[in-house]
Ligand SMILES: Cc1cc2nc3c(=O)[nH]c(=O)nc-3n(C[C@H](O)[C@H](O)[C@H](O)COP(=O)(O)OP(=O)(O)OC[C@H]3O[C@@H](n4cnc5c(N)ncnc54)[C@H](O)[C@@H]3O)c2cc1C
């Protein structure tokens with residue numbers, strides 16, 4: 004039986020890893036990637052870090068060089084969006100009107116910025132940071148900015164705040180939750196990062212909502228729910244993302260927080276899979292979950308490639324993540340949600356430590372700040388057995404590599 008022609012909607016980390024892994028596994032069918040953005044598929048993490056800060060050029064952003072697509076026989080359709088799926092005929096229709104038949108369809112549509120539901124959110128000067136086009140526009144504005152307001156103290160908001168503060172821009176971050184990165188990290192790590200940002204001159208307002216953005220034509224001030232008016236030259240809205248599920252939902256596929264898939268990353272249509280930021284998948288201990296990380300997008304793409312190459316296995320990779328904020332390199336292995344106890348290793352005052360997050364005696368996650376060796380060890384011992392106890396984690400003489 005010949006290999007089915009694979010069509011991938013989306014051209015981010017998941018899509019390009021899938022194409023590369025399929026060819027690495029000697030997949031013989033055709034592979035076509037549909038990209039609604041113009042240009043070569045690119046990495047997103049540097050957008051809010053090195054690229055925005057001027058430490059990385061455009062060429063270095065590419066996920067793969069131009070030569071990869073020709074050499075690996077991967078078709079890339081640029082600047083054209085998939086607008087509908089005909090599941091009966093096994094084809095998709097693009098915005099240009101082109102109809103592309105598929106043997107197996109992969110939805111790797113990623114996510115889109117959540118918009119802020121307040122008056123003034125559509126003013127010019129209210130921007131997001133997800134695509135290269137948005138980042139280029141923002142980067143061009145940076146030299147002329149004296150003050151910025153960032154709405155949302157998640158990873159992207161804080162990374163942007165660090166870049167802006169480094170350039171001498173007065174930054175105010177407004178966060179509705181009581182602490183930054185509330186969903187992503189432990190209170191210990193979150194408090195440390197809050198202190199660091201304040202130390203760089205950033206005003207960090209927590210437990211504060213936004214009521215409106217004011218300005219004549221363009222954003223000039225942000226009004227908080229408790230009545231503060233903060234004058235600004237630009238507003239970055241970084242309040243999270245929502246999965247791009249529209250195409251799947253319109254085709255009758257099950258969607259909730261994401262496009263729902265099983266442990267083999269299949270939708271309920273055996274000819275359609277979903278991977279990466281757009282997919283809600285079952286993860287042991289977490290139910291149906293959607294993760295937004297390069298690790299998740301890449302590992303799911305590899306797992307799907309294995310299945311399409313005839314080696315199916317339930318997806319069960321350990322989640323891990325990183326974030327760079329100025330000189331602070333945060334790395335997280337595992338998911339800390341639901342932890343009830345933390346153990347500290349290293350010295351926060353010296354700016355290098357790890358937080359071990361336990362639920363009872365079970366280690367859920369390790370957050371490392373400027374302690375890459377802890378992170379690498381944690382990735383190994385969280386992915387397998389044996390585990391590590393609270394007493395071992397708390398013992399500075401205990402060698403993590405001995406369990407890893
Ligand atoms: C600024 C920023 C910083 C980040 N930093 C980190 C980090 O430090 N570490 C980390 O692990 N993760 C980070 N992430 C998250 C990480 O980039 C994402 O998890 C990853 O990009 C997900 O890959 P993906 O392929 O699933 O989706 P995406 O990379 O979002 O790609 C999806 C693509 O599909 C396209 N698309 C959508 N619908 C259609 C359609 N109908 N037709 C055609 N194309 C379509 C989209 O335009 C997009 O190009 C960051 C994200 C951002 C935005």
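Numbering (the working numbering), first residue to last: 4 to 407. Using N, Cα and C, we set each Cβ at its ideal position, and we do this for glycine too. Keep in mind the model is a prediction, meaning the values are calculated, not measured.
Of the residues the options, the one placed nearest residue i, counting alpha carbons only
i, options, result
"residue 324", "308, 314, 331, 298", "298"
"residue 100", "191, 247, 87", "87"
"residue 171", "146, 341, 337", "146"
"residue 365", "340, 378, 217", "340"
"residue 347", "321, 332, 338, 374", "374"
"residue 15", "216, 288, 6, 46", "46"
"residue 287", "322, 295, 260", "322"
"residue 387", "104, 320, 343", "320"
"residue 284", "261, 305, 296", "261"
"residue 34", "242, 135, 6, 158", "6"
"residue 183", "197, 175, 312, 19", "197"
"residue 114", "157, 134, 385", "134"
"residue 98", "80, 192, 327", "80"
"residue 89", "121, 254, 8", "254"
"residue 249", "111, 236, 63", "111"
"residue 8", "78, 55, 338", "78"
"residue 242", "76, 121, 72", "121"
"residue 362", "344, 353, 83", "344"
"residue 240", "282, 266, 126", "126"
"residue 206", "215, 167, 191", "167"
"residue 25", "92, 311, 397", "311"
Reduced DSSP secondary structure (H/G/I, E/B, other) of residue i
i, result
"residue 327", "strand"
"residue 172", "coil"
"residue 160", "helix"
"residue 24", "helix"
"residue 137", "helix"
"residue 69", "helix"
"residue 285", "strand"
"residue 382", "helix"
"residue 109", "strand"
"residue 61", "helix"
"residue 349", "strand"
"residue 210", "coil"
"residue 299", "helix"
"residue 377", "helix"
"residue 146", "helix"
"residue 194", "helix"
"residue 80", "strand"
"residue 154", "strand"
"residue 280", "helix"
Buried or exposed by the 16-neighbour rule on C-beta atoms within 10 Å, applied to residue i
i, result
"residue 149", "exposed"
"residue 51", "buried"
"residue 399", "exposed"
"residue 69", "exposed"
"residue 27", "exposed"
"residue 270", "buried"
"residue 368", "buried"
"residue 177", "buried"
"residue 212", "exposed"
"residue 301", "buried"
"residue 102", "exposed"
"residue 48", "buried"
"residue 1", "Given that the chain is displayed from residue 4 to residue 407, the structure contains no residue 1 and the question cannot be resolved."
"residue 38", "buried"
"residue 337", "buried"
"residue 247", "buried"
"residue 63", "exposed"
"residue 326", "buried"
"residue 186", "exposed"
"residue 82", "exposed"
CA-to-CA distance, residue j to residue i, given in whole angstroms
i, j, result
"residue 118", "residue 124", "8 Å"
"residue 370", "residue 357", "5 Å"
"residue 351", "residue 30", "49 Å"
"residue 232", "residue 401", "51 Å"
"residue 105", "residue 291", "27 Å"
"residue 155", "residue 333", "18 Å"
"residue 218", "residue 17", "39 Å"
"residue 304", "residue 220", "43 Å"
"residue 181", "residue 59", "34 Å"
"residue 450", "residue 251", "Look at the range of the chain in this structure, 4 to 407, and you will see that residue 450 is not part of it."
"residue 309", "residue 107", "14 Å"
"residue 331", "residue 130", "25 Å"
"residue 193", "residue 223", "30 Å"
"residue 61", "residue 289", "37 Å"
"residue 199", "residue 161", "11 Å"
"residue 142", "residue 179", "26 Å"
Residue-level contact to chain C via CB, residue i, 8 Å cutoff
i, result
"residue 351", "Annotation note: the requested chain C is absent from the structure, which comprises a single protein chain."
Near ligand 3: residue i beta-carbon under 7 Å from a heavy atom
i, result
"residue 112", "Among the ligands present in this structure, namely ligand 1, ligand 3 is not found."
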